[in-house]
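Input: a single structure, listed below in C-alpha cells.
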Ligand SMILES: C[S@@+](CC[C@H](N)C(=O)[O-])C[C@H]1O[C@@H](n2cnc3c(N)ncnc32)[C@H](O)[C@@H]1O
C-alpha cells in the first residue's frame with residue numbers, strides 16, 4: 033500500500049473516531065462545537081467542549097470562602113465553564129465573559145439562564161479594555177493552535193487585565209505539543225518554538241505560585257495550569 037493510501041486511511045479513522053465520540057457525548061453542544069472546529073480550527077482548538085472534570089478544576093478557586101471577585105472567562109465556546117462559574121457566583125461578584133465567535137456568544141445568551149452579574153462581550157480578549165481589572169481570569173484559549181504573535185497579544189492582555197497577585201488558569205492539551213514537535217520542520221518548527229518561548233517568557237516575567245493538574249477525563253486529556261500573577265503593569269512584588 034502506498035504512503036498516500038495509508039495517510040488517507042489514518043485520516044478516515046481519525047474522522048470516524050471524532051464522529052463516534054460526538055455521538056457518544058451526544059449533546060447538541062458537542063455537535064455545535066465540532067461544527068465550529070471544522071469552520072475555524074485555530075481559534076476553537078479542540079473537537080469537543082471541555083468535560084465537567086476540567087470545569088471543576090478551573091472553578092476550584094471560586095468555591096472557597098473568599099471576598100467578592102471580579103472574574104473574567106476568556107473563550108466560552110458553548111458555555112460549559114461559563115455555566116459552572118455562574119453557579120459559584122457570590123452576590124457581589126462581577127463576571128465578564130469574552131468570546132470572539134458571535135455564534136457562540138448568541139448560544140450562551142440563549143442557552144444559559146439570565147444571571148444579573150454575568151455579561152457576555154463578543155470580541156477578542158486583545159480588544160477588551162474595561163476600566164477595572166480582574167481577580168481571576170479563566171482561559172480555555174487553545175494556545176497550541178494560535179500563532180506566536182496572537183499568543184503574545186493574548187498574554188499581554190492578561191497582564192494588563194489582572195490585578196497584582198490575581199489568579200490565571202488556562203488549559204494545555206496534553207501530549208499534543210510534544211507529538212507535533214516531532215513532525216514539524218523549517219518555518220513550522222520555528223513558529224512552534226516561538227510560541228513555546230512566548231509562554232515560557234510570560235511565565236518567567238510575571239508569575240509565581242504555579243500549580244499544574246492533569247485531567248485525563250477530557251478529550252483530549254489536558255493540563256490545567258494555575259498561576260498567581262504579578263501584573264506586568266505593576267511593579268513586581270514578592271508574596
Ligand atoms: C478550546 S475552545 C474552549 C471552549 C469552552 N470554554 C470549553 O472549555 O469547552 C476555545 C474558545 O476560545 C474562543 N476564542 C479563541 N480566540 C479568542 C480570543 N482571542 N478572544 C476570545 N475568545 C477566543 C473560541 O471561539 C472558542 O470558543
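Numbering (my numbering), first residue to last: 33 to 271.
Cβ atoms here follow ideal geometry from the backbone N, Cα and C, with glycine treated the same way.
In this structure, DSSP gives residue 262 a state outside helix and strand, which the three-state scheme calls coil. Between residue 171 and residue 205, the beta carbon gap of about 14 Å keeps them out of contact (Cβ cut-off 8 Å).
Under DSSP, the beta-bridge partners assigned to residue 127 are 103 and 150.
Approximately 6 Å separates the beta-carbon atoms of residue 195 and residue 167; this is inside 8 Å, confirming the contact. One alpha carbon belongs to residue 106, the other to residue 72, and they sit about 17 Å apart.
Taking 4 residues as the minimum length, the alpha helix (DSSP H) runs contained wholly in the stretch 190-230 are 208-215, in order along the chain. If you look at residue 112, you'll find it isn't in any beta strand (DSSP E); it sits in the alpha helix (DSSP H) that goes 112-119. Cβ-Cβ distances below 7 Å link residue 144 to 111, 114, 115 and 118 in the same chain, with the five nearest sequence neighbours on each side left out; the list follows chain order. Here DSSP, grouped into helix, strand and coil, assigns residue 166 to strand. Exclusion of the five residues before and after residue 175 leaves 183 as the residues of its chain whose Cβ lies within less than 6 Å of its Cβ. Set against 7 Å, the gap from the CB of residue 174 to the closest heavy atom of ligand 1 is smaller.
Residue 91 and residue 120 do touch by the CB rule: their CB atoms are close to 6 Å apart, below 8 Å. Taking 7 Å as the cut-off, the C-beta of residue 75 counts as close to a heavy atom of ligand 1. In the three-state reduction of the DSSP assignment, residue 256 falls in the strand class.
When DSSP states are grouped into helix, strand and coil, residue 61 belongs to the helix group.
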